[in-house]
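Report on the structure given below.
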Amino acid sequence: MAERLVGLDANAISRLVDPGTFARGRAYAQQGRVDALRWDAAEGVLSAEVRGSGRRTYVTWVSLDGSGRGIEAGGCSCPVATTCKHVVALLLHAVGGPAQARPASAPAAAWQQQLDHVLAAAPQVRVPERTTPLALQVRVDGLVRDPARRRPAGRARGRGPAVTTPDLGVSVRPVRQNASGAWAAGWEVSWDALRREHDEGRWDPRVRRWLAELGAMRGQGYWGGSDWTSLAEFPGRLLWPHLALGRELGVPFVGTAKRDVVTLAPQVELVVDATRDDDGVRLTPTVLVGGAPDPSPLRGVLGDHGLFTVTAPDGSAATSGGRAWVLALGPTPTPLAPGAAALLDVGGTVAVPASDEERLYADYLPALRRQVTVRSSDGSVTLPAPPRPSLVLTATFAGAAEATLRAAWLYSASDGVADGHRYAFAPSGADVAVRDLAAERVIVERVEQAAWAAGFDEFTLAARADVTGLAALDLAELLLPVLGALDGVHVQAVDQPLYVELAAAPVIALEARDAQDADWFDLAVTVTVDGHAVPLADVLGGLAHGRKRLLLSDGAWLRLDHPSLERLRLLLAEADGLTDRRSSQLRVTRHQASLWDELAEVADVVEQSEAWRSAVEGLLALTQGRDGARGAASTDAPDVPGGPRPGPILPALPVPEGVRADLRPYQRQGFEWLAFCWEHRLGGILADDMGLGKTLQALTLLAHTREQRPGGPPFLVVAPASVVAGWVAEAERFTPHLRVTAVTATSSRRGAVPLPEAVAGADVVVTSYAVFRLDADAFGALEWGGLVLDEAQFVKNHATRANQHARALRAPFKLAITGTPLENDVTELWSLLAVVAPGLFPSFQRFRADYVRPVEAASRPDADDALRRNAQAVLARLQRRVRPLMLRRTKEQVAPELPPRQEQVLAVDLAPRHRKVYETHLHRERKRVLGLLEDFDANRVAVFRALTTLRRMALDASLVDADAYAAVPSSKLDVLFEQLGEVVAEGHRALVFSQFTGYLSLVAERCREAGIEFAYLDGSTRRRADVVAGFKEGTAPLFLISLKAGGFGLNLTEADYVYLLDPWWNPATEAQAVDRTHRIGQERPVMVVRLVAQGTIEEKVMALKERKARLVDAVLNDDAELFARTIDADDVRALFDE
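The structure is reproduced here in structure tokens:
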């Protein structure tokens, strides 16, 4: 066998197949996939079994010729059937054996292995040895060879442009060569058949694929029952490269007659050649084939992408009766204009007389150039340079703040604007044919991009644009200079004013004028810059809208980023919100003196009426210094941290002779502050900590007013019912000379004694909030020297009748006394100020917008730094406005001798049974409450009822259901009495507070069981004073007190321990309870113990209480690190967080 294969080697075998097949076959031979090699010498057949890439094994054979140097035939059972990779593997194995095919000792180089891998992966291209030739047949439509034959009707139409010369076009179809050597069409070589047919060995696969791809370019359409397709139907960008590829593949391009010749030119161009003779100018449409003129009169266009010419084989013009033709076709360098076909239909030369040359150049040549290249091949005609478009922008000004920008086009061969033809900005009608729209678009894009780069982000060029205000200034100063520097742009300005920047600092003048209403004063503000009066409304409007500049009517303009102008805007915006809405004039009241003071700091010139000066000087004194600098009578008064600031000295007043008390220095300061406010008819809030003697300071003021105006009307003091008796007692103790009358019943219960008669001769009238509310008309009918609201948190809701009656009561001076001017919400502060200083913040809605909402926005979890910084500024402004009218001192500031107070949170673990019951209720209530929070305001009562249930459950399950949970132990009671046992044994006395009287009853029951004596006070206690006195004067170690009933009006310094059994989210409520004992007069350290059930709602309440405590600090003190609001849906969700 080896002798028979002596003429074969790897190189010879590689020539039998394509490279990819050879590489794969060689890999199979190297991998030892050839088995059962057999040689049939008689038949000259070599066979074997070759394992494929899967588990298949193929039978492969090769028939050798007699010389052993050639292969007659070969076959395989694989799908390829012949000259496959399996045949190659068989031959290589037979020639050299597995070892010789690729010796193990000489492995292939890395580059060979890489290339073998690439070639093995390439698809097999099998070219049959015997194929039927295919060709592309080309027909010239409209060139009739036999006059008797006519072109069939209904020639195909497709998506492309129609054949531009109606009776002359070019169509193609695929054909095959028949047995006689002629080219014939048929169903087996139709476009669709060639597209669907796979390589079955009949056609050269490369040619078949080329024809199929050409057919696919024509798209879908109706072909009139024939495969003839016009070349005009093909997309030019695909057609011409594909035809060139067909030439490279050797695809025959044949005509419909044997002698027809088809040539494919690289480029065909249509031009108009201008030449001159004695009569004028001659314009000749000329087709250039390969750059040379083609003289044939038979010419046509192929869509918008190609041209063709038809001549006879001898070079003469082909005729309709000719037997053969030479077709030259090719692509145009640029798309043909729609008028190109019409040029070919001209039928020769267009003669223009010399007398019409000027009209030719002016009216026709520009439009003709839009369609085709115009040249003069012999140079006999000097063609004028084509006019270039330039953009003319005309800005017409109507004053400094109005302008109109118009755009138009000028076509001229020169750079000036005097000569040329003008067109409207938008093309229309016949203009389209003579204008270079592409060049116009380039200029428009250049202009818009330059405008955008100059900062005019929204600029879009239009035929007309009207601009006003600052836009007119920007047009003249910024935009026109930029656009005028561009190529192809001419800028004209008509009646442009002289714009001048006013660079000097603004001069602000402020004036307060007397108004008809004695409580209000008109406020006038003027601004001038470099001698120009600047309208204040324009300044404020520009700043409010974020503008950086302001344009005046005379063309002068100024920058608004001066700090004084922005400060002025903020202050005037605040003043506008505080203005009496009964007048359109900007107005202020004496209570807004701090606002006036800040305005005066901004102003360069300040003028004020004598009435205004007198009205505000007192409050300005409080604003600037309050009681930080003292008169001679009180030089021993220490400075109060966080209190009054240095400034003008308040008058030093002697303590009234009738006062039977030694006032501490801070109490004397408070009295002088109150007397100063009273003298200047300024209301105020005395907000000292509880236990610092606010009642004594107020009584000293009342004694002072009676000394100053002995015959004046009485003062009305309104206090909680439980405190009325205390007020009377304190007055008898400290100011016994004052005649004090207590009104504890309404007119209906007093019988026949009317209110004027009941209070006749009194210096001070003390009544409760309930009586004041119910007898508001009677109190309102009397004349009062002043109104004092004790525990003024009772009127913290402006919507209540008590607050409304307090506001309506006629009195020249109103004072609110409270240790907690702010408990939950900043609006509570407004409610108090609306009573004592109604002119400070007249509008509740404006107060919410200016102060409450910014603080609420900053308190949300998603608040960003900008919101928090804004809230800081808002709170600082609120402090400045409120500070003159509120005096607040803490124990730490004014009573350093007070014993220390220690606070402890004692965690309580619920007993297992208690925990199980609590968790059951928690899961049920959580699901219900979270659903109710979708409409929190509508379901507020139900939500708080659920929270109260959980708070009771955390204390003692029997408070929720006494029958069901009577046997459930109360861990908190056990812990409490462990503590109380030690406290009582050591001789201490304790106050025990709870919000729930039911729980206090359980504590009382355990006290009885333990034999511990106690006093008890809740809202139902009738003889309150006797109970309090019994504890103060007795020996009972415990005082059980309802948080609501005992949170104010009590002085219980006899106790030094305080137990808070159930935390609540109002920190002021607990602070009031603690201050019953930690106050002036206490000589022992005070221990405050809060019992908190772990893992219950009480822990969440503690967290919420801490946040609200910081709200109070944020508003009343200078440290505003956290913002909060009244309890809302988010707070409730936090209480139910897992």
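Mind the numbering: the sequence shown is residues 1 to 1138 in full-length UniProt numbering, read in order.
Virtual Cβ for every residue (Gly too), placed ideally from N, Cα, C.
Quick caveat: nothing in here was measured; it's all calculated off a predicted structure.
- Met-953 sits buried, since 16 or more C-beta atoms from the chains shown fall within 10 Å of its C-beta.
- Within the segment 276–358, the beta strand (DSSP E) runs of at least 3 residues that lie entirely inside it are, in chain order, 280–289, 292–294, 298–302, 306–311, 326–331, 350–353.
- Within the same chain, Leu-270, Val-301 come within 6 Å of Ala-340 by CB-CB distance, once the 5 residues on both sides are set aside.
- It is roughly 10 Å from the alpha-carbon of Gly-290 to the alpha-carbon of Pro-331.
- Counting along the chain, Arg-733 sits inside the alpha helix (DSSP H) bounded by residues 721–734.
- Rounded to the nearest whole angstrom, the C-alpha separation of Thr-373 and Ser-380 is 17 Å.
- In summary, Ser-377 is exposed, with fewer than 16 beta-carbon neighbours lying within 10 Å of its beta-carbon over all protein chains present.
- Note that the C-beta distance between Ala-742 and Val-723 is not below 8 Å.
- Residue state for Tyr-1057 is assigned as strand, using DSSP reduced to three classes.
- Residue burial annotation: His-93 is buried, with at least 16 other C-beta atoms found within 10 angstroms of its C-beta.
- Less than 8 Å divides the Cβ of Ser-971 from the Cβ of Leu-910.
- Secondary structure of Ser-747 (DSSP, three-state): helix.
- Under the 10 Å beta carbon count, Asn-11 is surrounded by fewer than 16 other beta carbons and is classified as exposed.
- Per the C-alpha coordinates, the member of Glu-897, Arg-1076, Glu-791 positioned closest to Phe-1039 is Arg-1076.
- Unbroken alpha helix (DSSP H) stretches of 4 residues or longer found wholly inside the segment 923–989: 940–955, 971–985, given in chain order.
- DSSP lists Arg-388 as the bridge partner or partners of Ser-412.
- In this structure, Leu-550 lies away from Ala-400, with their beta-carbon atoms at least 8 Å apart.
- In the three-state DSSP reduction, Lys-814 falls in the strand class (E or B).
- CA-CA distance, Ala-216 to Val-444, rounds to 40 Å.
- A straight-line Cα-Cα distance of about 18 Å links Ala-1068 and Glu-1099.
- Proximity to Gly-250 across Arg-208, Thr-827, Leu-510 peaks at Arg-208, based on C-alpha coordinates.
- Counted as a single uninterrupted DSSP element, the alpha helix (DSSP H) harbouring Arg-881 occupies residues 865–882.
- Between Asp-1018 and Ala-1045, the C-beta spacing is below 8 Å.
- Each residue's CA atom was taken as its position, placing Cys-76 and Gly-255 some 42 Å apart.
- Under a 10 Å Cβ-count criterion, Thr-735 is classified as buried, with 16 or more other Cβ atoms of the shown protein chains found around its own Cβ.
- Here Val-491 has Leu-393, Leu-480, Leu-483, Gly-484 as same chain residues with Cβ atoms under 7 Å from its own Cβ, once five neighbours each way along the sequence are excluded.
- When DSSP reads this structure, Leu-405 sits in a beta bridge with Ala-395, Ala-465.
- Taking Gly-420 as the centre and dropping the five residues before and after it, the same chain places the C-beta of Leu-410, Tyr-411, Ser-412 closer than 6 Å to its C-beta, in chain order.
- Asp-474 sits in a helix when the DSSP states are folded into three classes.
- For the pair Asp-1056 and Val-1086, the Cα-to-Cα distance works out to about 5 Å.
- Taking C-alpha positions only, Leu-955 is separated from Val-908 by approximately 10 Å.
- Its chain contains Glu-1054 as the residues whose beta carbon lies nearer than 6 Å to that of Lys-1032, once the 5 sequence neighbours on both sides are disregarded; these appear in chain order.
- When only Cα atoms are considered, Tyr-28 and Thr-83 end up about 14 Å apart.
- Contact check for Thr-705 against Gly-712 passes: the beta carbons are separated by less than 8 Å.
- His-562 sits in coil when the DSSP states are folded into three classes, being neither helix nor strand.
- Between Thr-746 and Asp-775, the CB-CB gap stays under 8 Å.
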